[in-house]
Amino acid sequence: MTQQTDPSPPIAPAAPAARPAWSLQTGQHGPCLSVRGAWTVPNGGVIPFTAADIPPPPPGATCLSMDTAGITEWDSSFISFLWEAKQAAANAGLAFAQDGLPAPAQRLLALLPPNPAPPARHNSHKQNLLEKTGDLTLGTLNETGVVAYLALDTTRGAMHALHGKSRMRTKDLITDLWNAGPNALLIVGVVNFLIGAILAFVGLVELRRFAAEIYVTNLVGIACAREISAIMTAIIMAGRTGGAYAARIATMLGNEEIDALQVFGIPISSYILLPAILSLSLMMPLLYLYGTLIGILGGFVVSMSMMDVSPMGYWISTVNGVELKEFVFGFIKAFFFGSFIALAACRVGLKAGRSAADVGIAATRAVVIGIVGIIAMDAVFAVMANALGI
Amino acid sequence: MVESDTLISVRDVELSFGPKIIQQNVSFDLKRGSIFAVMGGSGCGKSTLLKSMIGLLPPTTGKILVGGEDYWAQDEHRRTQINHRFGVLFQSGALWSSMTVGENVALPMEMFASQPPDVVRKLVELKLGLVGMEQAIDLFPSEISGGMRKRAGLARAIALDPDILFFDEPSAGLDPITSARLDDLILTLRDGLGATIVIVSHELPSLFAIADDGIFLDANTHQPIAQGSPRDLRDHSTIPEVMAFMNRSSTIPPTDETKADQHV
Chain A
279 MTQQTDPSPP IAPAAPAARP AWSLQTGQHG PCLSVRGAWT VPNGGVIPFT AADIPPPPPG
339 ATCLSMDTAG ITEWDSSFIS FLWEAKQAAA NAGLAFAQDG LPAPAQRLLA LLPPNPAPPA
399 RHNSHKQNLL EKTGDLTLGT LNETGVVAYL ALDTTRGAMH ALHGKSRMRT KDLITDLWNA
459 GPNALLIVGV VNFLIGAILA FVGLVELRRF AAEIYVTNLV GIACAREISA IMTAIIMAGR
519 TGGAYAARIA TMLGNEEIDA LQVFGIPISS YILLPAILSL SLMMPLLYLY GTLIGILGGF
579 VVSMSMMDVS PMGYWISTVN GVELKEFVFG FIKAFFFGSF IALAACRVGL KAGRSAADVG
639 IAATRAVVIG IVGIIAMDAV FAVMANALGI
Chain B
3 MVESDTLISV RDVELSFGPK IIQQNVSFDL KRGSIFAVMG GSGCGKSTLL KSMIGLLPPT
63 TGKILVGGED YWAQDEHRRT QINHRFGVLF QSGALWSSMT VGENVALPME MFASQPPDVV
123 RKLVELKLGL VGMEQAIDLF PSEISGGMRK RAGLARAIAL DPDILFFDEP SAGLDPITSA
183 RLDDLILTLR DGLGATIVIV SHELPSLFAI ADDGIFLDAN THQPIAQGSP RDLRDHSTIP
243 EVMAFMNRSS TIPPTDETKA DQHV
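Here the protein sequences line up with chains A and B, keeping their order.
Just so we're aligned, residue 279 is where the first sequence starts under our numbering, counting upward by one.
Just so we're aligned, residue 3 is where the second sequence starts under our numbering, counting upward by one.
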């Protein structure tokens, strides 16, 4: 005689596409789990089953048996239910008799561990303030050392290159020079032209109130030559070329290309970093000069349409107003900006992880570090220029 | 209605990249519940054929019938529906690196199965449990080994209970023991899930162990030159290229590509 206990959920009649249901009956050797219906995920087949669902087994009960005669259809959800039933049986001190299960279900159930192990956790250790400060300090010192070493190593590589002893491939240098220079002319030109035009427009509107419109030539010329063109060009190059360098190196890291270079003993500084740093360091000052001239041209175009001065008069006023030292100052700054952007981007790329997401993170980080670094360096240059009376 | 014994039928398919023909005159039937191997040397177009079967690359000519439907004649919406019958294990696992292993398996369910989060979580645990990866549910792909990534990729492939599984070089890069375990797992999943499996590989031990039908693609003639189970081809084929491949002989006739390489 069998006795039905706590049918939950209620048994549905066994019919195609019937809702999955189970009931627990008392069998010869212990409880018998009777399942029926279409046991699929879309049909609500993921039904929990815990040890609490098994009533205390009577004395002499040895196993939880299965009756699957009423099953019309099944998928993963049925296996999930069986897995939980098996664990519940173990917790109740019963063996799980799977003879009554379809053979494929038995095979899948055999793959699953009797008791799932708890998920592995990341190695996360919560640091206190002291540890965080120490970590940050050590990290910063370490990073400074690494970047300084990279800069030195690259400089040494550049010296070797001057003597024709570098392992840098000329083809790589030419490609990087082309990408950092001529390829960037359009965007550098457009941005600097617009900046020069905006400066002239705003300057003219304000200077007109004091009948000092002619000084717009000085405003545009000095601003472009001394600050704006160098900074804007550097920001463009940090976003455009610095990000690309970081992404390229991070991808190489992910593809084990960097590892391959190291195994062969090919110095990364010569092979990867030197062409990148050299090309951006050389091209930035030239782009700065180009950007300054285009910026002045932008100011000229706006001034010609808004003020009463001849083109020749505008140029003469500009040449008289902007001293050569402004260009020299901007030129030197541009060189350092370029070197910094390239060095930071290469370092960020080398430090990246090995996944696709890490490539994106490296590119973003290189751009952010590049831009913030440029502004910080410009501030230092401003203080130095003031101290030197430039 | 009695279901046809043939699940996928490839009919006179030609695959090409622009003017370059990769394979032509490819025809075979894939029997329900079978493990079908696409064999051939490197560069013969095995993975390209797989891509055309899973909807990533349309064939230049010919038909691929899935359950009697001409796959590439369907509109994109219908093709996506058919794709839900497919599970694909890519060569590298192709796990999404920004997601945990569990999230990788859960994503197809969340997108297409419309189940509440607790149900999805339970199914994810099950799928990972089936491949012995339940512990790695909260780990990122970068935190697990290559073999584990393969198994996690397999768990993702079976996320939607597909009835056709495609494996691209499942044993590539794995040690023999891990490879043999993966073979066992594939066999068990085939029997357990009742899935039909297409496996692209040139790992002979794996092919002999699990495949019961297959096709051999030749890189020289750009067409299939033999059909049958890998074991049968090994034991009975008289085609020199197939014999050389199956017996790991070094006297494989050079392909056009290798000839071209030699002249560079």
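For glycine and all other residues, C-beta sits at the position ideal for the given N, C-alpha and C.
Model, not experiment: these values are computed from the prediction.
Annotated three-state conformation of B/I160 is coil, per DSSP.
At a beta-carbon threshold of 8 angstroms, the residues of chain A lying near B/Q117 are V319 and V324, ordered along the chain. In this structure A/T519 is buried. Its beta-carbon is surrounded by 16 or more other beta-carbon atoms within 10 angstroms. B/M41 carries a strand assignment under DSSP once its states are collapsed to helix, strand and coil. Per the DSSP secondary-structure output, A/M344 pairs in a beta bridge with A/L311.
Beta-bridge pairing by DSSP links A/A299 to A/R314. Straight-line spacing of the CA atoms in B/M150 and B/M135 works out to 7 angstroms. Cα atoms of A/L485 and A/A623: separation of roughly 41 angstroms, rounded to the nearest angstrom.
Counting the other CB atoms within 10 Å of its CB gives B/P118 a total below 16, which places it among the exposed residues. Rounded to whole angstroms, the gap between the alpha carbons of A/W300 and A/N533 is 52 angstroms.
Of all residues in the stretch 348–364 of chain A, those with a C-beta nearer than 9 angstroms to a C-beta of chain B are D353, S354, S355, I357, S358, W361 and E362, reading in chain order. DSSP places A/A368 inside the alpha helix (DSSP H), whose first and last residues are S354 to N369. Interface flag for B/L125 against chain A is set, since a Cβ pair is found closer than 8 angstroms. Scanning its chain for C-beta atoms nearer than 7 angstroms, with the 5 sequence neighbours on each side dropped, one finds around A/N369 the residues A329, in chain order. For A/S633, the residues of chain B that pass the 8 angstroms Cβ criterion are S99, S100, F142, P143 and S144, in the order they occur in the chain.
Within the stretch 389–403 of chain A, those residues whose Cβ lies closer than 8 angstroms to any Cβ of chain B are, in chain order, L389, L390, P391, P394, A395, P396, P397, A398, R399 and H400. According to the DSSP assignment, B/S231 belongs to no alpha helix (DSSP H), since it is labelled neither H nor E. A/R632 sits away from B/S94, with the two beta carbons spaced by 8 angstroms or more. Short of 7 angstroms from the beta carbon of A/A554, and not among the five residues preceding or following it, lie these beta carbons of its own chain, in chain order: D454, Y523, A620 and C624.
Nearest CB-CB separation between A/L311 and chain B: not below the 8 angstroms threshold. Within chain B, the residues T190, D193 and G194 have their CB atoms less than 7 angstroms from the CB of A/R385, given in chain order. Put simply, the CB of B/E112 is far from chain A, with every gap to its CB atoms at 8 angstroms or more. Per DSSP, the continuous alpha helix (DSSP H) segment holding A/A436 begins and ends at L407 to L440. Not flagged as an interface residue toward chain A: B/Q25, since no C-beta distance is shorter than 8 angstroms. Assigned with DSSP and collapsed to three states, A/N461 falls in helix. A Cβ-Cβ contact shorter than 8 angstroms links A/P335 with A/L372. Counting along the chain, no alpha helix (DSSP H) covers B/R13; the unbroken beta strand (DSSP E) around it starts and ends at T8 to F19.
Judged by DSSP secondary structure, B/Q137 falls outside any beta strand (DSSP E); it is assigned neither H nor E. Taking 8 angstroms as the threshold, the shortest C-beta distance from A/P336 to chain B does not fall below it. Taking CB atoms only, B/E171 has no neighbour in chain A less than 8 angstroms away. C-alpha of A/A462 to C-alpha of A/G543: approximately 34 angstroms in a straight line. For B/D120, no beta strand (DSSP E) run applies; the uninterrupted alpha helix (DSSP H) run containing it begins and ends at P119 to L132, by DSSP. With a beta-carbon spacing of about 20 angstroms, A/F578 and A/A508 fall beyond the 8 angstroms limit used to define contacts. Note on the stretch 535–583 of chain A: whole alpha helix (DSSP H) runs with a minimum of 4 residues are 535–542, in chain order. Here A/I574 really is in contact with A/V498; their C-beta atoms are around 6 angstroms apart, less than 8 angstroms. Taking the CA atoms as reference points, A/L414 sits about 14 angstroms from A/G423.
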